[in-house]
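Engineer: Residue 38 in UniProt numbering is what sits at position 38 of the sequence shown, and the numbering runs on without skipping anything. Built from N, CA and C at the ideal position, the CB exists for glycine as well.
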Amino acid sequence: MKNKVNAKRFVRYKEGAELYSMCQTKFEEIAKEAGAVYKLNKLVLVNCDILDDYLETFRMMPYQT
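1. Given this structure, state the Cα-to-Cα distance separating L40 from M61, to the nearest angstrom.
2. Enumerate in chain order the residues of its own chain whose CB-to-CB distance from F27 is below 7 Å, with the five nearest sequence positions on each side excluded.
3. Mind checking which residues open and close the alpha helix (DSSP H) that includes K39?
4. Looking at the structure shown, is F27 part of a helix, part of a strand, or coil, going by DSSP?
5. Measuring only the C-alpha atoms, how far is A36 from K8?
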């Protein structure tokens, strides 16, 4: 279940950077690597669902003993 912080499916770069607590340049870079960028003429949107799935691939699991 998605949390309420990430309720919007599409965001612009500036809003996404604030949402994910990172600088806009880094957010743009990660969004492009994830393939989550949609460009409509001069409007650029990032799909948060795709970005979240991409970020999960970098999740560090706790050490198992």
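Structural biologist: Taking the definition as stated:
1. 37 Å
2. Y13, G16, A17, Y20
3. K39 -> not in any alpha helix (DSSP H); beta strand (DSSP E) instead, spanning 37-40.
4. helix
5. 14 Å
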